[in-house]
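These notes concern the structure reproduced below.
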Ligand code: GCO
Ligand code: MG
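Numbering (our numbering), first residue to last: 792 to 1193.
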């Protein structure tokens, strides 16, 4: 089966998404997500200018060889733009292979390891009471695992706290908006938040929290320790992900489980964290870490060390990524949890899909392929709109990690 054409579709049904569509001489087509939040057009150009001319005429069945061609062959390895482009190609080819086999993708990967995929949603509020209310709303919707984020008293705005708890959107303006940060205020606030939240939801709901790379290792150790009584499922991205040595220090202070990896692109970025058992969950995704082919390698390495998967799944990852991720999650033996935020109605209409949510679990569908398609006519009605992620400054104006 030869690849005859490939096109990049950029659409903005509420937010920007980049989708690669691959066509073959047998009439089968496949799609892959290539969305890199705030840098969408860079991946679109990488695909159009550099990848697509190389794809035409290749055998669509040679997924591994095509992956190696784009990873090894380009010489400039890794990085979010390159790896998102490779991920889109890889996902589209797995979609085609599964359609050719007339099977849902999880069957090709090795079949079911579980009935459903436990997901967590984001509950956030401007203060503790608001956050508790949002957490209870998620519990009522059937979620078994809930991420809680709250505004910090004395700070004008904080990451992860949006006006609308259902449709969280980090890229909120054409030029970056600015958040404010003060570590002392945050460290005083966080244990108070989780004391109230745990009290309200009871012991059986999994609670998660995202620190978004903002602390020093020592501060992260203090935070983890102060949250131990509330038994978190994980604390996420406690320190900037570049310095992996930091985790050794954090581990000496706290047994609160740690999840890292949403900004990693390859197995090389996380191999030391995994092999030194410095994390408990690896958050790499289909779209930013080289597709199904590469995510599988990361998960297999992680399994050797009892590290489980917890893939990133904010709304800036399109339903195409979510569909592929659910097939992966349905198969992967060392599954932990999947992040899942509902997309808007407009987004769901552009990307019809067969996955379903029930009682805190997502279920991959049985349609051959990964079960997500794109309505190109509708997509064309939503042209690209510039949007960037926010930045973060300390109260004295210093640029900080966001
Ligand atoms: C998460 C993430 C997101 C990212 C966003 C960036 O845990 O869901 O931290 O909120 O910041 O996906 O594009
Ligand atoms: Mg995060």
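C-beta: ideal position from N, C-alpha, C; glycine also.
Source: prediction; values computed, not measured.
- Each residue's CA atom was taken as its position, placing residue 925 and residue 916 some 7 Å apart.
- Here the alpha carbon of residue 968 sits roughly 21 Å from the alpha carbon of residue 918.
- Inter-residue distance for residue 1000 and residue 795 is about 45 Å (C-alpha atoms, whole angstroms).
- Contact between the segment 972–983 and the segment 1004–1015 is established, with three or more Cβ pairs separated by less than 8 Å.
- Annotation: residue 1070 to residue 803 spans about 35 Å, alpha carbon to alpha carbon.
- Residues whose Cβ lies closer than 5 Å to any heavy atom of the ligand GCO, listed in chain order: 828, 961, 1001, 1105 and 1107.
- Taken in chain order, the complete alpha helix (DSSP H) segments of 4 residues or longer contained in the segment 1137–1193 are 1167–1171.
- Restricted to the segment 984–1040, the alpha helix (DSSP H) segments that are unbroken, complete and at least 4 residues in length are 1008–1018, listed in chain order.
- 8 Å or more divides the Cβ of residue 1084 from the Cβ of residue 867.
- Residue 911 places its beta carbon 8 Å or farther from that of residue 1105.
- With a cut-off of 7 Å, the C-beta of residue 913 is classified as distant from the ligand MG, since no heavy atom of the ligand falls inside that distance.
- Straight across, the Cα-Cα distance linking residue 1116 with residue 1078 is about 9 Å.
- Assigned with DSSP and collapsed to three states, residue 898 falls in helix.
- Distance check between residue 1028 and each of 1041, 1017, 1020 and 986 places 1041 closest, using alpha-carbon atoms only.
- In the DSSP assignment, residue 972 falls within the beta strand (DSSP E) that extends over 969–972.
- Between residue 1024 and residue 997, the beta carbon gap of about 4 Å places them in contact (Cβ cut-off 8 Å).
- Here residue 938 carries a strand assignment [DSSP, helix/strand/coil].
- Sequence-distant partners of residue 1190 (beyond 5 residues in either direction) whose C-beta falls short of 8 Å from its own C-beta, in its chain, are 1182, 1183 and 1184.
- Proximity of the segment 1080–1097 to the segment 1053–1062 meets the contact definition, three or more beta-carbon pairs being nearer than 8 Å.
- The criterion of a C-beta distance shorter than 8 Å is not satisfied by residue 1053 and residue 1030.
- Between the segment 1113–1132 and the segment 1151–1170, the count of Cβ pairs shorter than 8 Å is three or higher; the stretches touch.
- Inter-residue distance for residue 1145 and residue 946 is about 41 Å (C-alpha atoms, whole angstroms).
- By the Cβ rule, the segment 875–895 counts as touching the segment 813–823, because three or more pairs are nearer than 8 Å.
- In the displayed model, residue 823 falls within a strand according to three-state DSSP.
- Counting only the Cα atoms, residue 902 lies some 33 Å from residue 994.
- Annotation for residue 859: the continuous alpha helix (DSSP H) segment containing it runs 854–863.
- Contiguous beta strand (DSSP E) elements confined to the segment 1035–1073 occur at 1049–1051, taking only those with 3 or more residues.
- By the neighbour-count criterion, in which a residue is buried when 16 or more other Cβ atoms sit within 10 angstroms of its Cβ, residue 1177 is exposed.
- The criterion of a C-beta distance shorter than 8 Å is not satisfied by residue 1010 and residue 1186.
- Look at residue 997: its beta carbon is at least 7 Å from all of the heavy atoms in the ligand MG.
- Taken through DSSP and simplified to helix, strand or coil, residue 850 comes out as strand.
- By the criterion of a C-beta distance shorter than 8 Å, residue 952 is surrounded in its chain by 915, 916, 917, 940, 941 and 942, once the five residues flanking it on both sides are discounted.
- Counting the other CB atoms within 10 Å of its CB gives residue 836 a total below 16, which places it among the exposed residues.
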